[in-house]
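Visitor: Pasting in a structure now, in structure tokens, and then I'll have a few things to ask.
4 protein chains.
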Amino acid sequence: MTTSYTLSFSCHDQPGIIAQVSGAIFEHGGNIRGVNQFQDPQSGLFFMRVEFVTTCARLVLEAAFAHLARQLSMNWQLRAREERQRVLLLVSKFDHCLADLLYRTRLGELDMEICGVVSNHHKSVLNAPELDAIPFYYLPVTPATKAAQETEIIRLINELAIDLVVLARYMQILSSNFTAALSGRCINIHHSFLPSFKGAKPYHQAHAYGVKMIGATAHYVTTDLDEGPIIYQDVEAVSHADTPDDLVRKGRNIEQRVLARAVLWHLAQRVLMNGNKTVVFWS
Amino acid sequence: MTTSYTLSFSCHDQPGIIAQVSGAIFEHGGNIRGVNQFQDPQSGLFFMRVEFVTTCARLVLEAAFAHLARQLSMNWQLRAREERQRVLLLVSKFDHCLADLLYRTRLGELDMEICGVVSNHHKSVLNAPELDAIPFYYLPVTPATKAAQETEIIRLINELAIDLVVLARYMQILSSNFTAALSGRCINIHHSFLPSFKGAKPYHQAHAYGVKMIGATAHYVTTDLDEGPIIYQDVEAVSHADTPDDLVRKGRNIEQRVLARAVLWHLAQRVLMNGNKTVVFWS
Amino acid sequence: MTTSYTLSFSCHDQPGIIAQVSGAIFEHGGNIRGVNQFQDPQSGLFFMRVEFVTTCARLVLEAAFAHLARQLSMNWQLRAREERQRVLLLVSKFDHCLADLLYRTRLGELDMEICGVVSNHHKSVLNAPELDAIPFYYLPVTPATKAAQETEIIRLINELAIDLVVLARYMQILSSNFTAALSGRCINIHHSFLPSFKGAKPYHQAHAYGVKMIGATAHYVTTDLDEGPIIYQDVEAVSHADTPDDLVRKGRNIEQRVLARAVLWHLAQRVLMNGNKTVVFWS
Amino acid sequence: MTTSYTLSFSCHDQPGIIAQVSGAIFEHGGNIRGVNQFQDPQSGLFFMRVEFVTTCARLVLEAAFAHLARQLSMNWQLRAREERQRVLLLVSKFDHCLADLLYRTRLGELDMEICGVVSNHHKSVLNAPELDAIPFYYLPVTPATKAAQETEIIRLINELAIDLVVLARYMQILSSNFTAALSGRCINIHHSFLPSFKGAKPYHQAHAYGVKMIGATAHYVTTDLDEGPIIYQDVEAVSHADTPDDLVRKGRNIEQRVLARAVLWHLAQRVLMNGNKTVVFWS
């Protein structure tokens with residue numbers, strides 16, 4: 001039976017990588033359907049994403065790539081097309097990004113298994129038809145209970161075998177334990193065009209600064225607040241006539257589509273980490 | 001003879017401003033062709049721009065508005081349509097913004113009198129056909145001669161009765177004496193999307209940060225470097241594959257069109273200062 | 001009691017309109033908070049939108065403007081800020097625009113009274129939490145029953161005293177009786193960047209044509225399919241790698257935000273008809 | 001000596017193309033530095049662009065690829081990085097695109113050999129400093145002399161061994177003989193967002209239609225006026241307040257950057273023909 005696979009990896013740049021990888025694929029009956037690659041002269045890293053089809057058994061493929069990975073010191077990931085990543089969504093009280101992700105998943109636009117929604121607010125605060133069919137975890141938090149609440153989230157992540165955590169306007173600052181454990185698999189949407197306006201109330205900061213465009217940024221979470229490799233950003237024009245509430249209103253849309261696109265690309269293995277930056281093979 | 005005028009002003013918000021201003025225009029035979037206004041609840045300021053036509057003598061009009069301005073404590077400007085503002089362009093060695101401004105002026109797109117071009121580089125470094133017809137002032141500068149060179153520029157500004165100074169990629173940092181003297185009439189183009197990447201080499205900063213969009217910002221110059229009320233900004237998408245040189249290349253276009261638009265609006269009295277921000281009546 | 005009003009109108013351009021209108025407002029104790037106007041030299045029409053506050057009784061105001069309207073042959077509309085327009089939403093089976101409008105209304109972003117949702121598909125096909133609280137009218141249609149079904153919709157519009165009809169991906173072609181009755185108060189979202197790709201399956205048309213950007217257009221409905229005064233349009237880049245399904249997916253977002261913006265502006269009386277075009281006072 | 005090459009080709013999709021092509025490169029000592037490919041299920045075509053470095057002799061490489069091309073029925077092109085394509089620019093009286101292309105070439109942004117500029121207007125109408133250093137051919141045309149003038153242009157193209165013809169606002173309609181001879185190597189900039197507003201005065205058409213965005217489209221020239229595979233398009237918002245002259249003014253910038261980007265990509269072999277469409281490997 002023919003299966004579609006996507007192999008994505010990074011390794012130290014050296015001659016012959018493409019030859020070896022395509023060779024390994026061909027030797028296992030693979031027909032390459034798509035290739036993207038990039039070499040960063042600064043970091044000296046090589047990045048590649050290959051879509052291929054083959055009838056070769058999964059275990060044999062994995063063994064072959066594992067062998068190659070050791071030779072090239074690769075950081076790699078192999079997934080079959082029909083595998084759906086297991087995702088946990090975190091949200092506070094603004095539900096526009098959550099509702100948007102759930103909607104797109106229902107439509108089939110985002111191909112993921114939403115294993116649960118975690119919120120520090122009660123479910124009654126949120127609103128999306130799809131929520132009823134998804135396990136909901138109400139985990140309120142106070143400064144005193146922060147560590148315990150994070151421990152519970154990590155427990156859920158492990159218990160549910162979560163591949164990806166999406167902070168869909170989850171407004172709690174995460175500890176470095178939490179972020180370190182989720183390196184490369186936790187995406188946040190920050191409601192500003194980073195690196196402008198980090199931290200709280202970015203729309204109010206933007207309004208006070210007098211910028212003529214606002215934006216939103218989806219990035220991988222790291223230990224530093226609102227830093228972390230940027231995956232995607234978008235902007236929209238604003239004017240002197242826009243109040244902070246107008247910026248919040250306009251910003252909701254930008255946040256939704258920026259986060260959705262970042263999640264779409266991550267699920268498709270189109271985003272690779274390159275130090276504090278990302279390589280995005282979006283077509 | 002009918003003359004078109006544009007009156008632009010700001011004052012403390014209070015009832016009846018529009019009544020008084022339109023009343024004054026009507027009393028002097030004016031027919032209003034365009035109105036824009038804005039009230040800022042935060043600063044408590046009122047802003048207005050009125051285009052009108054009248055056969056009333058200029059001096060009579062000015063006396064009428066001067067009277068009103070005293071009553072309302074206005075900060076105001078009245079110009080006839082055919083008046084061309086006198087402009088001084090400053091440039092260092094990258095001439096893409098200079099060439100663009102000269103080109104648009106030749107086409108009639110920018111309606112201004114370019115009284116001179118000042119550069120700290122020799123004219124042979126620059127390249128635009130229109131330069132030959134414009135007085136060129138080669139004012140080289142070193143850390144030791146900085147104050148003297150600025151004094152010479154200020155002297156030129158006064159001697160040439162300059163209305164507007166445009167820093168078209170003029171890379172010297174200006175002293176606070178200089179900037180204070182030119183408050184509200186000196187426009188700079190900074191090659192980043194402010195407030196991100198102030199200072200030197202913003203494209204290299206952007207590249208190192210891993211942003212997915214770069215931009216340029218036109219703003220009024222103040223004593224703080226790369227701060228000052230933003231007039232206009234625009235962005236363009238970039239990718240991991242763009243080198244710093246690619247960002248510089250893409251950025252040139254953004255800088256050109258952002259600076260040109262800011263100058264166009266300023267000449268048309270469409271930009272009013274509102275503290276650290278601007279009100280832009282662009283349509 | 002102070003009430004905020006918005007007066008919007010168009011009339012034949014002539015001297016003194018602004019004087020007369022602002023005069024009428026002042027005479028009735030009004031303080032003007034916002035003004036936009038535009039004169040079209042081609043159509044010879046004058047357009048104005050004024051926001052003002054007054055304690056004057058509504059009926060007195062209306063009488064005053066009615067009088068002025070007769071004098072200037074105005075086409076006018078006066079609404080108090082707290083008046084919510086009564087809106088009927090029509091949808092077929094794709095519910096992304098419907099869901100988006102309902103969501104924004106719930107958030108308070110769109111200030112309208114949604115009196116009902118009409119669909120030619122059964123409610124079970126659609127999905128939005130807010131639907132349960134809104135009267136739903138299932139009006140299936142076949143070529144044979146088309147006229148009768150339209151008659152029923154018109155009946156609902158009259159019975160519910162509807163101000164605005166929004167075709168939120170309602171895919172039935174409307175008869176000229178229907179469209180003529182709703183001139184200036186029926187907004188449609190067409191999923192292409194008009195005038196490109198009118199008619200059916202515009203994303204497939206766009207894909208076949210090889211355009212590098214797709215878009216959506218919100219417009220007032222007229223007797224001609226997908227024509228009618230354009231209110232707002234937006235686009236997004238696409239590539240050779242996008243399949244028609246990718247265009248549909250990307251297009252959903254553009255359709256949502258374009259339709260929402262057009263509705264927002266129409267509700268705020270920011271859109272005035274100018275023959276086959278619109279004047280949009282969006283700030 | 002190591003040379004960088006770019007191989008671009010299309011052929012009927014079949015298994016093993018990537019294997020054979022990368023194999024051929026490796027066998028000739030090549031190290032692949034960049035790969036893009038795309039398969040179109042509709043046309044059944046396979047497209048690929050490979051950047052590689054090798055010390056292998058050019059003739060040996062060409063023989064190897066010629067052999068492969070015959071096997072796979074490829075339509076292919078191999079160029080060394082330092083080869084500069086020979087380009088002929090055609091312009092009528094609006095010189096903004098011409099000036100922009102010449103400027104970018106001088107800066108090194110566009111890496112091409114401009115062998116000549118042809119215009120149906122006298123050189124004195126045009127304005128760009130770089131023109132003086134380039135052979136200029138004044139070829140006026142009337143309806144009676146059209147065929148003869150085109151013959152002269154074709155003669156120049158052959159005599160100068162031209163690789164690419166760029167119509168930089170060259171407003172003469174070309175005969176099918178002309179366009180057929182230049183299939184895939186003649187780029188035109190049309191000042192509208194195709195397929196909207198083909199033909200003459202597109203800005204005036206757009207203004208009359210009431211669109212809220214205008215654009216420009218760069219495309220390969222075919223026998224059908226303003227049709228032909230689109231390479232790149234971009235847009236900009238316009239409003240009711242924009243006169244046709246405003247649209248022309250705003251449009252100039254869009255035309256410049258759209259044409260420049262299309263030429264940049266074509267020179268880099270990033271654009272491949274796919275029937276009436278293009279595949280663009282722009283990163």
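Chains as they are written, first to last, in UniProt numbering: chain Y, 1 to 283; chain V, 1 to 283; chain F, 1 to 283; chain G, 1 to 283. Ideal placement from N, C-alpha and C gives every residue a C-beta, glycine not left out.
(1) Strictly under 8 Å for the Cβ-Cβ distance: is residue 284/Y near chain F by that measure?
(2) So residue 271/G contacts chain Y; which residues on that side make the cut at Cβ distance below 9 Å?
(3) Between residue 33/V and chain G, is there a C-beta pair that is closer than 8 Å?
(4) Between residue 117/G and the rest of its own chain, which residues show a CB-CB distance below 6 Å, the 5 nearest in sequence each way excluded?
(5) Rounding to the nearest angstrom, what Cα-Cα distance links residue 82/F and residue 206/G in this structure?
(6) Got a sec, what are the start and stop residues for the beta strand (DSSP E) residue 216/G sits in?
(7) Nearest chain G C-beta to residue 279/F closer than 8 Å, yes or no?
(8) Check the DSSP bridge columns for residue 277/F and list the partner residues they point to.
(9) Measuring only between beta-carbons, confirm whether residue 198/F sits less than 8 Å from chain G.
(10) For the region 35-57 of chain V, enumerate the residues whose C-beta is nearer than 7 Å to any C-beta of chain G, in chain order.
(11) Please classify residue 165/F: is it buried, with 16 or more other beta-carbons within 10 angstroms of its beta-carbon, or exposed?
(12) Measure the C-alpha to C-alpha separation of residue 106/V and residue 85/V and round it to an integer number of angstroms.
(13) Give the residues of chain G in contact with residue 109/V, contact being defined as C-beta atoms less than 9 Å apart.
(14) Counting only Cβ pairs nearer than 7 Å, list the residues of chain G close to residue 195/F.
(15) Under 8 Å by Cβ, that's how I've got residue 7/V and residue 72/V pegged, so tell me the actual separation to the nearest angstrom.
(16) Could you please give the first and the last residue of the uninterrupted alpha helix (DSSP H) stretch that includes residue 184/V?
(17) Counting contacts by CB-CB distance shorter than 8 Å, is residue 203/F in contact with chain G?
(18) With a Cβ-Cβ cutoff of 8 Å, do residue 187/G and residue 218/G count as a contact?
(19) Can you list, in chain order, the residues of its chain whose CB lies under 6 Å from that of residue 36/V, leaving out five sequence neighbours each side?
(20) Report all residues from its chain with a CB closer than 6 Å to the CB of residue 221/G; omit the five preceding and five following residues, and keep chain order.
(21) What is the rounded straight-line gap between the Cα of residue 111/F and the Cα of residue 223/G?
(22) Count the other CB atoms, across all protein chains shown, that sit within 10 Å of the CB of residue 253/G; report buried if there are 16 or more and exposed otherwise.
(23) Are the beta-carbon atoms belonging to residue 175/V and residue 150/V less than 8 Å from one another?
(24) With 8 Å as the threshold, decide whether the Cβ of residue 4/Y is near any Cβ in chain G.
(25) Assuming the contact rule is C-beta atoms closer than 8 Å, residue 98/F and residue 168/F should be a hit. Round their C-beta distance to whole Å, please.
(26) Would residue 230/V count as contacting chain Y if we go by Cβ distances under 8 Å?
(27) For residue 24/V and residue 59/V, which I take to be in contact (beta-carbon distance under 8 Å), what is that distance rounded to the nearest angstrom?
(28) Between residue 108/F and residue 102/F, what straight-line distance do the alpha-carbon atoms span, to the nearest angstrom?
(29) Report yes if the CB atom of residue 268/Y is closer than 8 Å to the CB atom of residue 232/Y, and no otherwise.
(30) Which residues in the same chain as residue 120/Y place their Cβ atom closer than 7 Å to its Cβ, once the five residues preceding and following it in sequence are excluded?
(31) Distance cutoff 8 Å, beta carbons only. Does residue 244/Y sit that close to anything in chain F?
(32) Strictly below 7 Å CB to CB, what residues from chain G border residue 289/Y?
(33) Identify which residue in 43/V, 52/V, 41/V has its Cα closest to the Cα of residue 39/F.
(34) Under a CB-based cut-off of 8 Å, is residue 103/Y close to chain F?
(35) Just tell me which of 114/V, 184/V, 96/V, 214/V has its CA closest to the CA of residue 160/V.
(36) When the distance is taken between beta carbons, is residue 30/F closer than 8 Å to residue 2/F?
Guide: Checking against the coordinates, here is how it stands:
(1) There is simply no residue 284/Y to check, as chain Y begins at 1 and stops at 283 in what is shown.
(2) Under the 9 Å cutoff, chain Y gives no residues; its nearest Cβ is about 14 Å from residue 271/G.
(3) Answer no: the Cβ-Cβ gap between residue 33/V and chain G never drops below 8 Å.
(4) 89, 134, 136
(5) 37 Å
(6) Counting along the chain, the beta strand (DSSP E) containing residue 216/G begins and ends at 213-220.
(7) yes
(8) 274/F
(9) no
(10) Residues of the region 35-57 of chain V that bring their beta carbon within less than 7 Å of a beta carbon in chain G are absent altogether.
(11) It counts as buried.
(12) 15 Å
(13) 249, 252
(14) 196, 209
(15) At roughly 12 Å, the Cβ-Cβ gap does not stay under 8 Å, so residue 7/V and residue 72/V are not in contact.
(16) Counting along the chain, residue 184/V falls outside any alpha helix (DSSP H), and DSSP gives it neither H nor E.
(17) no
(18) yes
(19) 49, 281
(20) 179, 186, 188, 228
(21) 52 Å
(22) buried
(23) yes
(24) no
(25) 5 Å
(26) Yes, its Cβ sits closer than 8 Å to a Cβ of chain Y.
(27) Not a contact, Cβ separation roughly 15 Å.
(28) 10 Å
(29) no
(30) 92, 139, 140, 141, 172
(31) no
(32) There is simply no residue 289/Y to check, as chain Y begins at 1 and stops at 283 in what is shown.
(33) 52/V
(34) yes
(35) 114/V
(36) no
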